[in-house]
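K.L.:
2 protein chains.
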Amino acid sequence: MRDSAEKGARARLKPGMKHGGSPCCMELEGGIRNRGLRMTLPRQLVAQVLEAAEGYLSAEEIYSIIREEYPAIGLATVYRTLVLLDEMGIVNRYNFGEGRARYIVTEDQTAEHHHQLVCERCYKVIKYSDFIEDERELYRKVESVLSVKHGFKINRHIVQFHGICPDCRKKEKQENENESSSGDI
Amino acid sequence: MRDSAEKGARARLKPGMKHGGSPCCMELEGGIRNRGLRMTLPRQLVAQVLEAAEGYLSAEEIYSIIREEYPAIGLATVYRTLVLLDEMGIVNRYNFGEGRARYIVTEDQTAEHHHQLVCERCYKVIKYSDFIEDERELYRKVESVLSVKHGFKINRHIVQFHGICPDCRKKEKQENENESSSGDI
DNA sequence: CTGACTGCAAACCCTTTGCATCATC
DNA sequence: GATGATGCAAAGGGTTTGCAGTCAG
């Protein structure tokens with residue numbers, strides 16, 4: 172069960188929305204046209220799957236979700252589309268050290284900068300930008316102190332809180348119960 | 172020049188310290204003995220190179236640094252040693268999305284929790300734990316707010332400021348000058 | 001129609017593994 | 001000397017690329 176679409180951060184192709192319409196697809200289509208490229212089904216599908224996802228998806232996961240309904244689509248095309256979407260700034264590519272990349276739709280650039288809660292088990296991500304009072308101000312201050320002190324030109328900051336999401340906590344509890352009730356060492 | 176040891180976060184084997192003695196080697200030796208494993212030259216060398224490094228190194232970089240003086244050492248051994256060091260908690264493995272892992276000696280666990288300045292060009296890292304006033308307190312507050320709000324069990328946080336270090340800023344400036352003075356398009 | 005896009009398979013790159021040999025304990 | 005560690009080469013796994021056929025514009 173290495174890479175099924177059944178992992179926590181799952182997504183599905185909703186049969187009712189076969190073609191375009193979602194914010195992501197609109198943006199994609201715009202970008203595509205601008206570049207003189209072509210809008211195709213695989214490109215729509217990848218964008219749609221990522222849009223529907225609750226968190227980071229690997230290429231393989233995206234591929235297998237799409238394949239459920241469109242078995243003709245190839246993995247290479249998924250990869251090529253992801254490169255395109257990344258270049259266009261529609262998705263972002265991340266790496267959690269599993270030996271594979273994971274993708275997520277880029278936060279709306281007009282939206283506020285955000286920080287993240289990442290589940291260490293299922294890679295579901297919760298973004299938040301409802302910072303508590305003084306939080307924003309503090310980062311500004313810290314960045315200015317650091318850039319002066321160390322001569323860095325600071326471009327951005329990454330703030331992630333890692334832990335276990337509610338769903339996975341439930342699962343872990345269940346697993347522990349099963350373990351202790353079975354005869355395992 | 173994909174992976175030479177000449178990148179910014181460089182390190183060298185100091186001829187004078189061929190065998191052990193560094194904090195890392197001591198810790199390594201202790202851990203090794205405890206496990207009934209054997210202390211060998213390649214293991215010392217990998218630990219030493221990482222200890223001397225100013226930032227994150229890739230396996231290939233470590234390998235090529237060692238190879239300058241010990242051409243007989245194999246890349247596979249470097250990888251195996253890195254797995255060992257990682258398991259023993261002596262080094263940490265990170266991934267910056269280049270398609271390869273990078274390693275760095277684990278911060279001293281007795282030392283204060285710290286945040287990082289990472290150079291996006293050479294992967295040099297500056298750690299700091301001289302937080303400005305209220306910084307520490309703020310993270311505590313944020314974590315408690317988030318864990319209540321989202322039901323996460325928060326284990327740790329990662330705060331990194333990404334940018335360009337002073338050395339690389341200099342290099343970039345030089346490169347730009349060279350570019351504009353040469354006849355390139 | 002034309003050229004961009006696709007699926008397939010082969011190539012690539014980083015990393016891991018199998019195996020005979022070597023060296024630590 | 002026994003057994004863990006090594007070097008080499010081959011295998012793995014994720015990702016990219018070459019190519020001929022396909023399809024959007």
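Line by line, the protein sequences are chains A and B. In terms of this note's numbering, the first sequence opens at residue 172 and continues consecutively. In terms of this note's numbering, the second sequence opens at residue 172 and continues consecutively. We put the beta carbon where it would ideally sit given N, CA and C, even for glycine.
#1: Of all the options 302/A, 320/A, 204/A, which has the alpha carbon lying nearest to the alpha carbon of residue 330/A?
#2: Specify, as a first and last residue, the run of the beta strand (DSSP E) that residue 265/A falls within.
#3: Short check: CB of residue 244/B to CB of residue 216/B, under 8 Å?
#4: Under a CB-based cut-off of 8 Å, is residue 204/A close to chain B?
#5: For residue 226/B, which of helix, strand or coil comes out of DSSP?
#6: Per DSSP, residue 287/A is paired with what?
#7: Between the C-alpha atoms of residue 290/A and residue 210/A, what's the straight-line distance to the nearest angstrom?
#8: Could you check whether the stretch 291-298 of chain A touches the stretch 266-278 of chain B, counting it as contact only if at least three pairs of C-beta atoms, one from each stretch, sit closer than 8 Å?
#9: Look at the alpha carbon of residue 332/B and the alpha carbon of residue 205/A, and state the distance between them as a whole number of angstroms.
#10: Can you tell me whether residue 229/B is buried or exposed? The criterion is at least 16 other CB atoms within 10 Å of its CB, across all chains shown.
#11: Among residues of its own chain, excluding the 5 on either side of residue 344/B, which ones have a beta-carbon nearer than 6 Å to its beta-carbon?
#12: Give a yes or no on whether 8 Å exceeds the smallest Cβ distance from residue 275/A to chain B.
#13: When the cut-off is 8 Å and only beta carbons count, does residue 247/A lie next to chain B?
#14: Taking the Cβ atom as the reference point for each residue, do residue 203/A and residue 220/A lie within a distance shorter than 8 Å?
#15: Give the interface partners of residue 257/A over in chain B, defined as CB-CB distance under 8 Å, in chain order.
#16: On a Cα-Cα basis, can you pick out the residue from 247/A, 226/A, 336/A that is closest to residue 275/A?
#17: With DSSP run on the structure shown, which of helix, strand or coil describes residue 340/A?
#18: For the beta strand (DSSP E) that contains residue 272/A, what are its first and last residues?
#19: Give me the chain A residues within the contact set of residue 261/B, using Cβ-Cβ distance strictly less than 7 Å, ordered along the chain.
#20: I want to verify the contact list: residues of chain B whose CB lies under 7 Å from the CB of residue 265/A, in sequence order.
#21: Output needed in chain order: residues of the stretch 228-252 of chain B with a Cβ under 8 Å from some Cβ in chain A.
#22: By a C-beta neighbour count over all protein chains shown, 10 Å radius and 16 as the cutoff for buried, is residue 249/B buried or exposed?
#23: Which class does residue 244/B belong to by DSSP, given the choice of helix, strand or coil?
#24: What is the DSSP secondary structure of residue 325/B, counted as helix, strand or coil?
#25: Can you tell me whether DSSP reads residue 211/B as helix, strand or coil?
#26: What do you get for residue 286/A, buried or exposed, if any count of 16 or more other CB atoms within 10 angstroms of its CB means buried?
#27: Given a cut-off of 8 Å on the beta-carbon distance, is the pair residue 321/A and residue 288/B in contact?
#28: At the 8 Å Cβ level, is residue 196/B part of the contact set with chain A, yes or no?
#29: Say whether chain A places a C-beta atom closer than 8 Å to the C-beta of residue 288/B.
#30: Classify residue 206/B as helix, strand or coil using the three-state DSSP reduction.
#31: Shorter than 8 Å from the beta carbon of residue 316/B to some beta carbon of chain A?
#32: Compare the C-beta of residue 324/B against all C-beta atoms of chain A and say whether one is closer than 8 Å.
P.N.:
The short version:
#1: Position 159 of the first sequence holds residue 330/A. Ranking the options by Cα distance to residue 330/A, first place goes to 302/A.
#2: Residue numbering aside, residue 265/A sits at position 94 when the first sequence is read from its first letter. For residue 265/A, the enclosing beta strand (DSSP E) covers residues 262-266.
#3: As a working note, residue 244/B is residue 73 in the second sequence. As a working note, residue 216/B is residue 45 in the second sequence. Taking 8 Å as the Cβ cut-off, residue 244/B and residue 216/B qualify as a contacting pair.
#4: Taking the first sequence and counting its residues from 1, one reaches residue 204/A at position 33. It does not; no Cβ of chain B falls within 8 Å.
#5: Along the second sequence, one-based indexing puts residue 226/B at 55. Reduced to three states, the DSSP call for residue 226/B is strand.
#6: Residue 287/A sits at position 116 when you count from the first residue of the first sequence. Paired residues: 298/A, 331/A.
#7: Locating residue 290/A in the first sequence gives position 119, counting from the first residue. Locating residue 210/A in the first sequence gives position 39, counting from the first residue. When rounded, the distance between both Cα atoms is 34 Å.
#8: As far as the Cβ criterion goes, the stretch 291-298 of chain A does not touch the stretch 266-278 of chain B, which means the pair count is below three.
#9: Within the second sequence, residue 332/B is the residue found at index 161, counting from 1. Within the first sequence, residue 205/A is the residue found at index 34, counting from 1. If I take the Cα positions, the gap works out to 34 Å.
#10: Here residue 229/B refers to the residue found at position 58 when the second sequence is read from its first residue. So residue 229/B counts as buried.
#11: As a first step, residue 344/B must be located in the second sequence, where it is residue number 173. Scanning its chain for C-beta atoms nearer than 6 Å, with the 5 sequence neighbours on each side dropped, one finds no residue around residue 344/B.
#12: Here residue 275/A corresponds to residue number 104 of the first sequence, with the count starting at 1. Interface residue (Cβ-Cβ distance to chain B less than 8 Å): residue 275/A is not classified as such.
#13: On the first sequence, position 76 is the one that residue 247/A refers to. So no, residue 247/A is outside the interface.
#14: Here residue 203/A is taken as the residue at index 32 of the first sequence, counted from 1. Here residue 220/A is taken as the residue at index 49 of the first sequence, counted from 1. Taking 8 Å as the Cβ cut-off, residue 203/A and residue 220/A do not qualify as a contacting pair.
#15: The residue given as residue 257/A occupies position 86 in the first sequence. Within chain B, no residue comes near residue 257/A; the closest Cβ sits about 10 Å away, beyond 8 Å.
#16: Here the question's residue 275/A lines up with position 104 in the first sequence. That would be 226/A, whose Cα lies nearest to the Cα of residue 275/A.
#17: For the purposes of this step, residue 340/A is identified with residue 169 of the first sequence, where counting begins at 1. It is helical.
#18: Start at 1 with the first residue of the first sequence, and residue 272/A comes out as number 101. Note, residue 272/A: beta strand (DSSP E), 272-276.
#19: What you label residue 261/B is simply residue 90 of the second sequence in a count that begins at 1. Chain A residues near residue 261/B: none, gap ~17 Å exceeds 7 Å.
#20: Position 94 of the first sequence, counted from the start, is the residue given in the question as residue 265/A. Under the 7 Å cutoff, chain B gives 268.
#21: The residues in question: there are none.
#22: Residue mapping note: residue 249/B aligns to position 78 of the second sequence, counting from 1. Within 10 angstroms of the beta-carbon of residue 249/B lie 16 or more other beta-carbons, which makes it buried.
#23: Position 73 of the second sequence holds residue 244/B. If DSSP states are grouped into helix, strand and coil, residue 244/B belongs with coil.
#24: As a working mapping, residue 325/B is identified with position 154 in the second sequence. Here residue 325/B sits in strand by DSSP.
#25: For the purposes of this step, residue 211/B is taken as the residue at position 40 of the second sequence. Of the three classes helix, strand and coil, the one that applies to residue 211/B here is coil, per DSSP.
#26: Here residue 286/A refers to the residue found at position 115 of the first sequence. So residue 286/A ends up on the buried side.
#27: Start at 1 with the first residue of the first sequence, and residue 321/A comes out as number 150. Start at 1 with the first residue of the second sequence, and residue 288/B comes out as number 117. Yes; because the gap between Cβ atoms is below 8 Å, this pair is in contact.
#28: Here residue 196/B corresponds to residue number 25 of the second sequence, with the count starting at 1. With 8 Å as the cut-off, residue 196/B does not count as an interface residue toward chain A.
#29: Locating residue 288/B in the second sequence gives position 117, where the first residue counts as 1. Taking a beta-carbon distance threshold of 8 Å, residue 288/B counts as an interface residue toward chain A.
#30: Your numbering for residue 206/B matches position 35 in the second sequence. Secondary structure of residue 206/B (DSSP, three-state): coil.
#31: Residue 316/B sits at position 145 when you count from the first residue of the second sequence. Cβ-Cβ to chain A under 8 Å: yes for residue 316/B.
#32: Within the second sequence, numbered from 1, the residue matching residue 324/B stands at position 153. So yes, residue 324/B belongs to the interface.
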